[in-house]
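> Chains as they are written, first to last, in this note's numbering: chain A, -2 to 588; chain B, 119 to 795; chain C, 2 to 317; chain D, 1430 to 1728.
Ideal placement from N, C-alpha and C gives every residue a C-beta, glycine not left out.
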Ligand SMILES: Nc1ncnc2c1ncn2[C@@H]1O[C@H](COP(=O)(O)OP(=O)(O)OP(=O)(O)O)[C@@H](O)[C@H]1O
Ligand SMILES: Nc1ncnc2c1ncn2[C@@H]1O[C@H](COP(=O)(O)OP(=O)(O)OP(=O)(O)O)[C@@H](O)[C@H]1O
Ligand SMILES: [Mg+2]
Ligand SMILES: [Mg+2]
C-alpha cells in the first residue's frame, strides 16, 4: 500500500504563536542531523579537523546573530549595536552591548579584537582554516581596534557593502581575551596583537580542542558569553548536553533546565524517536513527509519551508574541453535549453524526488530573499521541452534523440551553433552526482533522461560529497577540469547576504566551474564593495538569467517540535538554518 | 555356540539391490577358531556384521537365523543386542587407524566396555584396562594408558583394538582381517597373540581373512566364501587336503608359495568376481570355472557332504583329489648370466627425506630412508628387494629410475651415471629407465584414454609418426595380452588386472633396459594377481631386460627374481641368489621374515623361535651399529658398536651380520663383483 | 606442543606483517596526497605540500611503510581528521558493542547449529534432514541484508513485534538490557550463521559417522546417545572451531551489513560512515584490525583444535 | 603366445563395461538424476530466458525517467509497479538481471582463471616459491574481503567491467588454494611420476595431466563463484556502491527500493530480492549436483 502520497505544502507552513501558559523547568531533547556529529569545540575548527563544532552559537555568540525575519541581523541577541559606517566607507564603529562572560568579566571590544586576531592567525596558518575566506578579502585589508571597552573600530582598505559586512561579522565569534590569550595551560596572558603570539595562542586552543575527552572538564571551554555551557559530551556518538549560563543577560529566561543534543545515525532513527515521543525538537527527513499528520496526532508541531539563502544548482564546468564542452556550454542558448528541460514542478510533485516537499527556485538569492530577482516568481526558463528543442534547432542543431543531436550549421551567426563549435559536434558530458541525499541522484537522473530525449548525452557518475569537494573544483583542482561537465553536490548555502562573491566572479576562490562573465563581475563587485542596497538584487537577477548553474527546486526543511514547547515563532523559524534559541523556549505544561 | 542358518542379507540402494550374503550356514563351536576366507567382496565382512547386528544402513536380513547360545539374534531388540555386543560377542576391525577414536586416550577406550556392560567404576575399569593392555603385549601399559592413538604404531594400535574387544572376556570374538594392514612380522605376532588369548580365555573366534596362509596356520575349521555364498567348509586339514569345490581348488592353485616351482606358470582364474547386484542363478563361480557345465549355470548347487567330518561343499562337479590344478606351461630356461658386465650398478646410495624440525631452532631432522645401499643387476637379470614396510624399498626404487635424486651415492646404467642429473641432461637415457607402479588406479591418468596413455611415451620422446605410434600401441597391448578393443576406454573402465597390464605395456613402450616394478601385484586380488605375475615373468624372459622387483611379499619376489636383496631400515642386510637366500638365510632378519610368512598348508612347520619380534625402530634415528640389533635374538655389545658390512657366506650370497646363521666364507670379500666372477 | 604454539605464532606474525603491507599499499594507492585529503579543497598547494613534508609523506614508500609499522607497534593507528579523533580511540569506542553483537550472534548460531547439524547427520536422508537442508539452501542463497529486510517487513511492519532499528544506546550490554530492540539484528546474524555452521556440522558429523571408530563404539555395545556424545561430538566439533576461525572475515562482513541495516552504532557502521566520508585512516585501520582478528582467530582455533585433537601436533 | 592371453583378457570386458560408464556423459547422467540439481538448471535457464528474452516479449522503457508514474504500486500497465524513477519494475528486473548475471559470470571466470593458474604454479613448483605464493594468499584471505571491495568500489567509479574485476580480483584466493591442493595431491600420484619417467616437461605435466584432472573442481568452483559474485554484487549495490543510470543491477535496484522501506513500497524490494535468491539458489544447487556427479565418477 503506497502510503506516501504527495504532501501538501500548505499543511506545514505556519508556526503557532507563543503560548501564554508557561511552566518552569523541563529538559529539551534536540535531534542532531545524522552525519553531522559534533567533535570540535573551538569556534573556528582548523581545516585538518574537518570538525563540526558543538553547540553552534549557544556557547560563543558572534558579534551579530543571524535573523530569518527579513532583518540584516537579529537585534535582540546580537552582542553589538548595528555598525556605523563612515561616509567614505573606510571605517565602521561598533558599540558593544552589556554582556558578561560566564565568569563575570564583561564582554569587551578587546575580546572582539582578540577573536579577529585569532582568525587572522588561523588563516595565516592555512587559508583552509576558515571556510569563508577569500584571499584579499575579509579579514585581509581589515583592521580592528578597541577604542574603549565598548567601542570597536574597524578599518577597511576597500569599503564593503554594509549588509555584506554585517553578514561577515555574523561569522566572527567573540572569545574571552582575558582567559584564552595563553599559549599553554596556566601560562601567562600574551599580547595577541603580535601575530606570533596570536599564532601560538591559536595553536594552543586548537590543540586543546583536539582532545574530545576533556571538552567538559577543560576550564577554558566553560568561559562562555552565550546562554549555555557544556555539561556533558559523549565523544563516541557526539551527543552533548548544555546547561544555562547563569550570567547570560540576553533575551530569554532560560527556564529550560537542560538542553540535550542527541546524535543520530539515520533519519529513520530520528523518526522512531518521534514515534516514541522522546524527542522535543528536530528535523524530519522528507521521506517521512507522509507521516506529518501522524506526528501531529502524537503531539508535535511541524513547520516547513525552504532554507533561506539556499539554492540548488547543477554546477556547470565552463572549462571542460572534452568534446568541446566548454565551447558548447559557453552558448547561453544551450544553457537556457537545458534549464528548460528541468521539470521543477515535476520534481517537486514526484514521489521519486521530493513528494511535494520542495519549492520552485530559479535564483542564486534563494527563496523569500530580501534581495529578490527582478523576475519574481516567474521562472525565466520554465520547463518546456518544445522551447528547448526550438532553441537548439534555431541555433543550427539537428535534434535527433536516437543518434544524438548534432551541429549542422557551424558559425557565429544568430542562427548558427556558435563560436568554436564545428559541424557534427555532439553534446556529451558527465554529471557528477552526490551519493546522498537521495533526491540529488533522482533529480539528476530525471534531468539526464530529459536530455536524452533531445539527443544530448550526459553520463552520471555517483561520487561521495567528499570526493567531489576534493576533486571537482577548477579553482583548486584545475587538473581535473576535464573530468566533469556538471556536478550536483546538493545545495549552495550562503550567508545572510547572498552575494555570489567568490562563487561566480572571475577568479573567485570558490568558482568551481570557471564561470566568467564581465557583467557578472561588475555586478558582484558592486554588491560586495559598493553601498547600493539594491546591488545584490541586480546581481541575483543577472546571474539567474545567465545560468552559471542550472537551477533545481529547493527542498523544504521540515522542523518538528513538541506542541508543549513554546516560544517566539522566530526562534522556531530560525531552526531552518540550524539557529537554536532554547533560552527563549519554555514548556506549556509540566514535563 | 553360534549357529548361522541360511543367512541372507540384502542392501537396497537407489536403483539397485545388492545381495552380499546368500544362504550362508555356519556353526561355531566353543573354543574353536573358524576361518572365513574369500576374495574381496565375497561377503565375509557382511556375515560378521550380521552376527554383530551392525549391518550398514539400508540393509536387512532377508532370511535365516543366527542363534547365539539359544538366543535368536536376528529378532533381538536394540537394547538386548547392545547388552550382548562388546560383552558376549566382540569384534576387531581391520583398520586400526580409523577404528580408534583419535580424541580419546587408549586407556579410556579400552575401559569403556567394562563401564558399559559391567557397571564398573571408572577406576576399576581403568585398572582392568591396564591389565588387559599388558596381556596383549603392550610394554609399560600404565604409561601408555594416557596415550592417544596417533602416538602408537600400527601393530600397537591393533593390540589396543584386541584389548578393547577382549576386556569383557567375550565368548565369541569376530576378527575381521585383523592383520591385513600389517607387516608379515607383526601379522604373525598378532595372530599368535589372538590364538593364545583365545585359548587362555576359552572363547571361540571367527577369523575373517583373504589369506589362505593365515587360515591354514590359525584356523581349526575353514569356510570359503564366493560371491556371497559359503561354497565349502570343513576342518582345516581336511579342506586343504581334500579340496572339493572347484573355486577353492583354483584359489589354492593360484597362490605362489615359497616352495613354488619357478619355472612353471602359475594357475590363474580367468575373469573377475561376480557383481553382488547381479541376479544369482546357478553356481556363482560357473562363469570362471573350467569344469562348469550347463547345469552349473542354471541350478544352484546344493550342499554336499565331503570326505572329512563336517566337510560340506556346494559344487556340481567337485574336484576329486587333492592335487592342485596342473600348470599349463613351463617357462623357457633363461640362459643364465651370459653378460658379465653389470647393466645397473648402485653405489653407496643414500636418501634422506627432510622432516620439519622439532623445536624452533632444532636441527632439521631427516628420515634416513636409504642408508648406503650398493648392488648390481646384470642384463637379463631380475633382482628382488624385500623388507618390511618403511624400510626404504620404494625410495630406493624411485632413485633407480631417476625419479628422485639421491642424497649421495650414484646409480649407473651401463657404466653411465643417471642419478643427480636434470631431466634435460638425462636426455634419451630417460627412456631406458622405466617403472611399473603399485596402484594401477593412480598410475594411469584418469582423463586419458588407453590409446593416448600408450602413445604418450612415444609422443614425449618424439618417436615415430602418429600411425606408427598407434601400431606400436596395439603391439604393446598384444604383448600384455590385451586386445585393441580396449584402446578407446578410460582407465576406470578397466579391471585392476587390466590396468596393471596397461601400466606394464606403457613401461615397455620405450623399450627400456631397466624396469623397476614397485609392489606390482600387492593391490590385486589373488585370482588376478597370478595373471599379472605370469605376464611379468614372460616379459622378463622374452625381453631380457634387467628388472628390479620390489615387494614385501616374499613368495612373489621369489617367483619373479633370480637374485634378491633383503632390506632393513634403509640398509641391505643380505644379498644373494634367490634360492640360496630363501633356503639358507644367513641374516637373522631374513630368517625371521621367512618364518613369519603364512603358508597355505596346514602341515607346514611353524617355528616361532625364529620370528622377528617387536617393532621397526624409527628411521629418524636408527639404532647404532647393526640396525637390526634391537630386534635380534643374537645381538651382543659388538652389534651396538660396529656396523657390519656385507660379507660372503656363499657363492653369490653376502650378508651384513656379525653372527650370520651360515658360516662366513674366508677370505671375506666385500666386492660382490669379485664373488660372482 | 609449546614449539607448535611458538611456530604457529611466528607464522601468524609474518602474515600480520603481510597484511599491514597490503593495507599500507592500499592506503598509498588510493590517497596519494594525504595533505589534500586532510586540509581540504581550499588549502593552497603550498600548504598541502608543507603538510606532506612535515608529516613525511614525501619520502620513499618503503621508508613510510617502516614508519607506519613502527607506529602500529606503538599502538598508533593514525588519526581521523574528519572526526577529530585518534583512530584507535574511535575503534575502541565502537568495538565493545560490535563484539557483543557478533559474539552473541555467533554463540546463538553455534548453539543452534551444532545439535541441528548432528541431528541431520544422524537422520541423514530422512524428513528432518531434508527439510533443514532445503531451508538452509534457501537461506544460504539469501543475502543477509535481504534476510534482515524480510525480517523487518514481517516482524516490524506487518506484525509490529520488534523495532526496525537496533538500540542506539552506547552500552555494550544492550543485547541483554534491551533484547527487544536487538532481537532482529541478532536473529539476522544467527540465521545467516546457523545455515553455514549447521551444514558444515552435518558433513563433518557424516564424515565422522563413517569412521570405523563409531562402528567400534557400537560394537562395544554403546547406546546411540553414548556414541554421539562421547565419541562423535568431540571429533565432529573440531572442524567447526576451525571454521569459525576461517570465517572471521565473513563474520565481520556480516556484522557490517547487519549494523548497516539496523543502524547499530558499532564498528561496521563506523566503517560505512567512514566510507562515505572517505576517511581512509579509519577504513584501513579497521581493515587491518579485521585482518589481525582473522589471524588471531585462526591461531586460537588451531590451538584449540590442536588441544582437542592430538594428531595435529605430529602434522605440524 | 599373445593370442591366448588376449582371449583371457577379453572375457573380462563385458562385465566391467557395464559397471563404470564413461566420463562426461556419466557426469551429465548423474546430474540428470540429481533432482535438486536439475531444479537448479531449470531455474537458471528460466532466469536467463526471463532476463534476455523477456524484454523482447515485454518491452519497457528503461531509459526515460517518468516522474508522474514514479513509485506506483503494481496495477494496470505495471504488473510489478514502478520504481522511484518511474521505471517499470518488471522490465527493470530483466535489465538488471542481465547485468548481474554477466558481472557474476565474468567475475567468476576471472577469479577461477587467475586462481587456477596461480594454484597450479604454486602446487607444481612447490618449495619456497609455493611457500611465498601461499603466504600471499593467506594474507589476502585474512583481510575481510568485503572491506577491501568496498574501499575500492567507493574510490573508483563502478562499471560492470570494473565491478567484475574488483570482485574477481578478490575471490580468486579460494580457487587458488583449491587448485593448489588438487595439484599437490595429483603431482605425487603415480601417473604423474609415470609421465615424468617418459621425460615429460613441466608444461606438459600441467596441461595434459594436472589441469584436465582438476577440471571438475574448476567447473564446480566456477559455479559457486558465480553465485558468490552475485551475492557480493548485491551487497555492494545494497550498500550504495553499485552501478548507476543508465546501467542497473539487482543490488542497485534493491538499494533504491530500500530507501523507501518506510513508505512500504514492497514491490521495489521483494521481487528483486526473489530474483537474487533464486539465482544464487539455482547456482548452488547446480554446483552441489556437479560436485556430487564428479566425485561419484572418480570413485
Ligand atoms: N554399504 C554397502 N552398500 C552397498 N553394498 C555394499 C555395502 N557394503 C558392502 N557392500 C557390498 O557387499 C559385498 C560384500 O561386502 P563385504 O564387505 O562383506 O566383502 P568382504 O568379503 O568383506 O570383502 P573385503 O575382503 O574387501 O573386506 C561387496 O560386493 C560390497 O560391494
Ligand atoms: N617424501 C617423503 N618425506 C618424508 N619421509 C618419507 C618420504 N617418502 C618416504 N619417507 C619415509 O622413508 C621411509 C622409507 O619409505 P619407503 O616408502 O621407501 O618405504 P617402503 O619400504 O617402500 O615401504 P612400503 O612397503 O610401506 O611401501 C619411511 O619411513 C617413510 O615414512
Ligand atoms: Mg571385509
Ligand atoms: Mg613402498
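Mind listing the chain B neighbours of residue 1614(D)? Cutoff is C-beta to C-beta under 7 Å, in chain order.
The contacting residues do not exist; residue 1614(D) stays about 10 Å from chain B at best.
> Hey, does residue 207(A) have any beta-carbon neighbour from chain C nearer than 8 Å?
True, the Cβ-Cβ gap to chain C drops below 8 Å.
> Out of 380(A), 326(A), 464(A), which one is the CA nearest neighbour of residue 511(A)?
If we check each option's Cα against that of residue 511(A), 326(A) comes out closest.
> Under three-state DSSP, which class holds residue 271(B)?
Three-state result, residue 271(B): coil.
> Who are the near neighbours of residue 470(A) in its chain, counting only those whose CB is closer than 7 Å to its CB and skipping five residues on each side?
Within the same chain, residue 470(A) has close Cβ partners 509.
> Taking the beta carbon of residue 100(A) as the centre, do at least 16 other beta carbons fall within 10 Å, making it buried, or is it exposed?
Label assigned to residue 100(A): exposed.
> Where residue 1666(D) and residue 1707(D) are concerned, what is the direct C-alpha to C-alpha distance, given to the nearest angstrom?
Going from the Cα of residue 1666(D) to the Cα of residue 1707(D) covers about 17 Å.
> Just to confirm, are residue 699(B) and residue 771(B) a CB contact at a threshold of 8 Å?
Cβ atoms of residue 699(B) and residue 771(B): closer than 8 Å.
> Any idea what DSSP makes of residue 240(B), helix, strand or coil?
Of the three classes helix, strand and coil, the one that applies to residue 240(B) here is helix, per DSSP.
> Residue 467(B) and residue 524(B) look like a contact to me (Cβ under 8 Å); what is the Cβ gap, rounded to whole Å?
With a Cβ gap of about 5 Å, residue 467(B) and residue 524(B) count as contacting.
> Let me check one thing: in DSSP terms, what residues is residue 664(B) bridge-paired to?
Per DSSP, 632(B).
> When burial is assigned at 16 or more other CB atoms within 10 Å of the CB, is residue 46(C) buried or exposed?
The residue in question, residue 46(C), is exposed, as its Cβ has fewer than 16 Cβ neighbours within 10 Å.
> Check whether the Cβ atoms of residue 550(B) and residue 531(B) sit closer than 8 Å, and answer yes or no.
The answer is yes: Cβ separation under 8 Å.
> Which residues, taken in chain order from the region 200 to 218 of chain C, show a beta carbon closer than 8 Å to some beta carbon of chain B?
Flagged, chain order: 212, 213, 214, 216, 217, 218.
> Below 8 Å on the Cβ atoms is my contact criterion, and I expect residue 125(B) with residue 165(B) to pass it. Report the Cβ-Cβ distance as a whole number of Å.
So it is a contact: roughly 7 Å between Cβ atoms.
> Using the three-state DSSP reduction, which class does residue 355(B) fall into: helix, strand or coil?
Helix.
> Name the one or two DSSP bridge partners that residue 454(A) has.
DSSP lists 425(A) as partners of residue 454(A).
> Could you check the C-alpha separation between residue 539(A) and residue 532(A) for me, to the nearest Å?
Using only the alpha carbons, I get a separation of about 11 Å.
> Using a beta-carbon distance below 8 Å, is residue 1586(D) in contact with chain A?
By this cut-off, residue 1586(D) is an interface position.
> What span of residues does the beta strand (DSSP E) with residue 4(C) cover, start to end?
That residue, residue 4(C), is in no beta strand (DSSP E); its alpha helix (DSSP H) goes 3 to 31.
> Residues around ligand 5, please: the condition is that the C-beta lies closer than 6 Å to some non-hydrogen atom of it.
Among the ligands present in this structure, namely ligand 1, ligand 2, ligand 3 and ligand 4, ligand 5 is not found.
> If you follow the beta strand (DSSP E) that residue 685(B) is part of, which residue opens it and which one closes it?
Where residue 685(B) is concerned, the enclosing beta strand (DSSP E) stretches over 681 to 686.
> Enumerated in chain order, which unbroken segments of the alpha helix (DSSP H) with a length of 4 residues or greater are wholly contained in the region 191 to 241 of chain A?
Listed in chain order, they are 192 to 205.
> Answer yes or no: do residue 1615(D) and residue 257(C) have a C-beta to C-beta separation smaller than 8 Å?
It is not a contact, given that the beta carbons lie outside the stated cut-off.
> Quick check: the region 159 to 167 of chain C against the region 263 to 271 of chain C, are there 3 or more CB pairs under 8 Å?
Segments in contact, yes.
> What did DSSP end up calling residue 1689(D) once you bin it into helix, strand or coil?
Coil, per DSSP.
> By DSSP, does residue 316(B) sit in helix, in strand, or in coil?
Residue 316(B) falls in the helix class under three-state DSSP.
> Judging by CA-CA distance, which residue of 554(B), 650(B), 610(B) is the nearest neighbour of residue 598(B)?
Of the candidates 554(B), 650(B), 610(B), the one whose C-alpha sits nearest the C-alpha of residue 598(B) is 650(B).
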